[in-house]
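K.L.:
Provided herewith is a single structure, encoded as structure tokens, for subsequent inquiry.
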Amino acid sequence: AQKVTQAQTEISVVEKEDVTLDCVYETRDTTYYLFWYKQPPSGELVFLIRRNSFDEQNEISGRYSWNFQKSTSSFNFTITASQVVDSAVYFCALPYNFNKFYFGSGTKLNVKP
Amino acid sequence: SQTIHQWPATLVQPVGSPLSLECTVEGTSNPNLYWYRQAAGRGLQLLFYSVGIGQISSEVPQNLSASRPQDRQFILSSKKLLLSDSGFYLCAWSAGESLNLHFGNGTRLTVT
């Protein structure tokens, strides 16, 4: 079965600081996908990124970047120059059999002005 | 484009009362449908998922049940609510090769 661990329960930073959210996963699948979602205070979950296990290249989207390392089973998420609007709960997810999504426990990010 | 509707947004119910939460998806066919629950300050727990009409898989034995009477309709029910059923319930769908989960806005249920 899949398992996703987000060891950081809550992180507080001051605006403009960089912050990295950790995600460690376990799977017996040779092919799999990893996801990150953002849950702002309003509650809905917003898709951020999907990565295929075959593609270990880091990805950058604006202030967001993701570091995928199969050797350590990690898929970490970095926000550069954080902003107050980045305050949210962030979830890492790993689908089983490509349809059952298992989520980590989430990391609550507080960005203070 | 695809949309997902989930209602109601908030609900306060007494212990022992029944529950029915409804979720509908538009703009896609034969989606996978999911119910998740998020207890206060906690992560997302997969409750049920469905790959087709009448096909329901339960992840956690509990006081809740789910049904899928139509292709794009997913219902979460309970005959008698418990205090521990309080939480934020999220419906989601996925389809095709995108593998991405699309979430509804959620229902905040308080059992008193």
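So the protein lines, in turn, are chains U and P.
To convert a position in the first sequence, counted from 1, into our numbering, add 1320.
Mapping of the second sequence onto our numbering: position 3 corresponds to residue -5, and the numbering continues sequentially without gaps.
Heads up, the beta-carbon is just placed ideally off N, CA and C, and yes, glycines get one too.
Just so it is clear, the structure is predicted and the values come from calculations on it, not from any experiment.
Can you give the Cα-Cα distance for Val1409(U) and Leu1368(U), rounded to whole angstroms?
P.N.:
Locating residue 1409(U) in the first sequence gives position 89, where the first residue counts as 1. Locating residue 1368(U) in the first sequence gives position 48, where the first residue counts as 1. For Val1409(U) and Leu1368(U), the distance between alpha carbons rounds to 12 Å.
K.L.:
Using beta carbons (cut-off 8 Å, strictly below), is Tyr41(P) in contact with chain U?
P.N.:
Your numbering for residue 41(P) matches position 49 in the second sequence. Answer yes: the Cβ-Cβ gap between Tyr41(P) and chain U drops below 8 Å somewhere.
K.L.:
Looking at Asn97(P): is its Cβ nearer than 8 Å to the Cβ of Ala1(P)?
P.N.:
The residue labelled residue 97(P) in the question sits at position 105 within the second sequence. The residue labelled residue 1(P) in the question sits at position 9 within the second sequence. Yes; because the gap between Cβ atoms is below 8 Å, this pair is in contact.
K.L.:
Work out the CA separation of Cys1343(U) and Leu1429(U) for me, nearest whole Å.
P.N.:
Here residue 1429(U) refers to the residue found at position 109 when the first sequence is read from its first residue. Here residue 1343(U) refers to the residue found at position 23 when the first sequence is read from its first residue. Their Cα atoms are separated by approximately 14 Å.
K.L.:
Are the Cβ atoms of Thr102(P) and Val4(P) separated by less than 8 Å?
P.N.:
Along the second sequence, read from residue 1 onward, the residue named residue 102(P) stands at position 110. Along the second sequence, read from residue 1 onward, the residue named residue 4(P) stands at position 12. Cβ distance < 8 Å, so Thr102(P) and Val4(P) count as in contact.
K.L.:
Quick one: Cα of Thr1376(U) to Cα of Leu1341(U), how far?
P.N.:
The sequence position of residue 1376(U) within the first sequence is 56, counting from 1. The sequence position of residue 1341(U) within the first sequence is 21, counting from 1. The sequence as given places Glu at residue 1376(U); Thr does not occur at that position. In a straight line, the C-alpha of Glu1376(U) is about 18 Å away from that of Leu1341(U).
K.L.:
The ligand HEM and Val52(P): does any heavy atom of the ligand fall closer than 7 Å to the residue's C-beta?
P.N.:
For the ligand HEM, the structure offers nothing, since it holds no ligand at all.
K.L.:
Which partner residues does Gln47(P) have in the DSSP bridge list?
P.N.:
Taking the second sequence and counting its residues from 1, one reaches residue 47(P) at position 55. According to DSSP, Gln47(P) bridges with Gly44(P).
K.L.:
Taking C-beta pairs closer than 7 Å, name the residues in chain P that Glu1458(U) reaches, listed in chain order.
P.N.:
Since the displayed chain U opens at 1321 and closes at 1433, residue 1458(U) lies outside it and no answer follows.
K.L.:
For Leu82(P), return the contacting residues in chain U, with the cut-off set at a CB-CB distance below 9 Å.
P.N.:
Locating residue 82(P) in the second sequence gives position 90, counting from the first residue. Gly1363, Glu1364 and Leu1365, listed in chain order.
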